[in-house]
Amino acid sequence: MEYPCALTIGHPVEAMKSHHHLSPHTMQDDMLEVLQPDVIVTQSFYIRDIQPDRGIIRRISESKAPGAKRMYFTNIDRSLTDADPQLYARCAGIGGHVVIRVSPGGKEYRVYMLDDSDTTYKVKQADGPFRCKPQPKNTEKHE
């Protein structure tokens, strides 16, 4: 299902949400080839070694598909990151609320990780600015 959806989008994207908490058999290379994401955000909140799946994280981080593939994880349990610290060291951000903010004019964006352990949501990490990718011209006429 991922690949047909990627084909429908049909062009590279700056950022995307991972599919099904990065479970096994998601985020296949054919889809990554089409979308070429620079940022992948994964919602992680269970203590399950299949969400996110370490093999998928490894495959994405080693993928030859274009795109920076910076991976950000929300509240992944520390027992999972401690089980494979070298793998999770490849990730751009772990633990918190992820905000992607596009600058006025749409030419660049930044990724913020917020501390969501209380209601102040302090910024604990700020990455970027990253350049937005050129978008294809819309040739369809809508009436």
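So for the sequence shown, our numbering puts the first residue at 57; every next one is plus one. We put the CB at the ideal spot given by N, CA and C, even for glycine. Predicted, not measured: the structure shown is a model, and the values here were computed from it.
{"Asked": "Identify, in the order they occur along the chain, each residue of the same chain with its Cβ nearer than 8 Å to the Cβ of Pro185, setting aside the five sequence neighbours on each side.", "Found": "Ser159, Glu164, Tyr165 and Arg166"}
{"Asked": "What is the residue span of the beta strand (DSSP E) that Tyr128 lies within?", "Found": "Arg126 to Phe129"}
{"Asked": "Restricting to Cα atoms, I'd like to know which of Ser100, Pro60, Gln84 and Met169 is closest to Arg114.", "Found": "Gln84"}
{"Asked": "Is any beta-carbon of chain B found at less than 8 Å from that of Pro190?", "Found": "The chain labelled as chain B is not found in the depicted structure, where only one protein chain is given."}
{"Asked": "Taking the C-alpha atoms as reference points, what is the distance between Met72 and Ala62?", "Found": "11 Å"}
{"Asked": "Please name the residue in Val90, Ala182 and Leu143 whose C-alpha comes closest to that of Pro60.", "Found": "Val90"}
{"Asked": "Hey, quick one: how far does the alpha helix (DSSP H) through Glu212 stretch, first residue to last?", "Found": "Since the first residue shown for the chain is 57 and the last is 199, residue 212 is missing from the structure and cannot be characterised."}
{"Asked": "Who are the Cβ neighbours of Phe101 in its own chain at under 6 Å, not counting the five residues just before and after it?", "Found": "Asn131"}
{"Asked": "Could you please give the first and the last residue of the uninterrupted beta strand (DSSP E) stretch that includes Leu170?", "Found": "Glu164 to Leu170"}
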